[in-house]
Amino acid sequence: MTEMTLRSITNSGIWIPMLAPTCSTMISSDEPRCRGFNQPLWCNSVELSEQLLPKEWTWEWLAYPPVHQGFGRDGRTGEGSCVICSLVMCIHARYRLQYERRHGLGSFPFEVAMDLRYLKAACRGANIWRPAKMGTTPARVLELLESHPNIGVKTELFNGVPGPTLRPSSWGEFYSSLSTSSGGRTRLNHSEMARLLRLGGPVVGALHAGPSYRTAVHPLLSYNGADATDWAPNHATLCVGYHISEEDIMDIKVLDNQDPEGPVLWVRYEWFDYFTAVEFEEVESRIQAMFRHIRRIASSTA
1 MTEMTLRSIT
11 NSGIWIPMLA
21 PTCSTMISSD
31 EPRCRGFNQP
41 LWCNSVELSE
51 QLLPKEWTWE
61 WLAYPPVHQG
71 FGRDGRTGEG
81 SCVICSLVMC
91 IHARYRLQYE
101 RRHGLGSFPF
111 EVAMDLRYLK
121 AACRGANIWR
131 PAKMGTTPAR
141 VLELLESHPN
151 IGVKTELFNG
161 VPGPTLRPSS
171 WGEFYSSLST
181 SSGGRTRLNH
191 SEMARLLRLG
201 GPVVGALHAG
211 PSYRTAVHPL
221 LSYNGADATD
231 WAPNHATLCV
241 GYHISEEDIM
251 DIKVLDNQDP
261 EGPVLWVRYE
271 WFDYFTAVEF
281 EEVESRIQAM
291 FRHIRRIASS
301 TA
């Protein structure tokens, strides 16, 4: 089993490197998949006291700007690329978090290249997605990235200068405490989910989004599936934070992919069916090489 660098927070607020086994899982309602990301080991390996684990946290700023779906041929309905958009945002946000914890806030200036036609074309070519006709799962997209080393999440600077292509080295899939499709597989309680989000960064969440989903703009209006007609997941979104009430009710903050603003919504934790997390090996040398290349271009045009 490979190892990855994790970090915990001490009482002094200093990030301390830790080693823990990696583990991966992906969102799949029928069969489990693992690529090195073991969520229980991940949570238990991080020494963070309950006193230091806040009741509310958000990585919303880290995940901006949101990547939103295109439209179908009618120009009104979405093309069904919620999984692709959410996964792209997740890969970028978690990589940025890992990099900036090592090198300082703002040290990773690259944003997601919003034109996802290259990735959508690859998914169509692999027959795992069809616009407005056939959805996909994070597991299928991640397996596509695994099997095609030339495909990854493209990034760029604000002026369009290409940045590094991001490819996760491991991924994991796990379930909420009330998931109907876990089949006895890994379920996370509120504390474990809070640790994952607080320490690891955003994850992709799959749920059944009913008519009132878009009105859940505050924890007090959190979407709990009350108007849903089915339990089967029909939507994927990016989970960027959480809020735990005094009554131990956990609501998940999401940055959605339906329009240029997301929007930002809240969903009751138990209503999610499953989650997907990604991790990375250290690729600092590749990023530093990219920075050197940019500096050479800047100096040659000065």
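Per the UniProt record's numbering, residue 1 is the first one in the sequence shown, and the count goes up by one each step. The beta carbon of each residue, even a glycine, is placed where N, CA and C say it ideally should be. Bear in mind the structure is a predicted one, so any value in this text is a computation, not a measurement.
Of the residues D227, P202, P138, R198, the one placed nearest S212, counting alpha carbons only: D227
- request: Over the uninterrupted alpha helix (DSSP H) stretch that includes Q98, give me the two end residues.
  value: 82-103
- prompt: Quick one: is W271 buried, meaning 16 or more other Cβ sit within 10 Å of its Cβ, or exposed?
  reply: buried
field: Proximity to W171 [Cα-Cα], best of S222, T276, M89, L53
entry: T276
field: Nearest-angstrom Cα separation, counted from W61 out to D256
entry: 13 Å
query: Which residue from D251, S245, V240, F280 puts its Cα closest to that of S86?
result: V240
task: Using DSSP bridges, identify the partner residues of F275.
output: F174, G205
query: Below 8 Å between beta carbons: does that hold for A236 and G205?
result: yes
query: Between L197 and L188, what straight-line distance do the alpha-carbon atoms span, to the nearest angstrom?
result: 12 Å
- request: Spell out the partners DSSP gives Y269 in its beta bridges.
  value: Note: Y269 sits in no beta bridge, so no partner.
message: Let me make sure I understand the geometry here. Which of P109, H148, T215 has the alpha-carbon closest to that of P263?
response: T215
task: Report the three-state DSSP secondary structure of E156 (helix, strand or coil).
output: strand
Nearest residue (CA-CA) to G210, options L199, Y223, V203, P202: Y223
message: Taking the alpha-carbon of T58 as reference, which of D259, T229, P219 has the nearest alpha-carbon?
response: P219
field: Endpoints, the beta strand (DSSP E) within which V254 is located
entry: 250-259
query: With contact counted as at least three CB pairs below 8 Å, one residue from each stretch, are the stretch 125-132 and the stretch 89-98 in contact?
result: no
field: Rounded Cβ spacing between I151 and L119 (contact assumed at less than 8 Å)
entry: 7 Å
message: To the nearest angstrom, how far is the alpha carbon of residue 303 from that of G80?
response: Nothing can be reported for residue 303: it is not among the residues displayed for the chain, which extend from 1 to 302.
N- and C-terminal bounds of the beta strand (DSSP E) containing L238: 235-244
- request: Determine the contact status of A121 and L144, defining contact as a CB-CB distance below 8 Å.
  value: no
message: What would DSSP say about W61, mapped onto helix, strand or coil?
response: helix
field: Outcome for K253 when other beta-carbon atoms lying within 10 angstroms are tallied against a minimum of 16
entry: buried
- prompt: Considering only the beta carbon of each residue, do A63 and P260 sit closer than 8 Å?
  reply: no
query: Would DSSP call residue 303 helix, strand or coil?
result: With the chain running from 1 to 302 in the structure shown, residue 303 is simply not present.
message: So, with DSSP's three-state summary, where would you put V141?
response: helix
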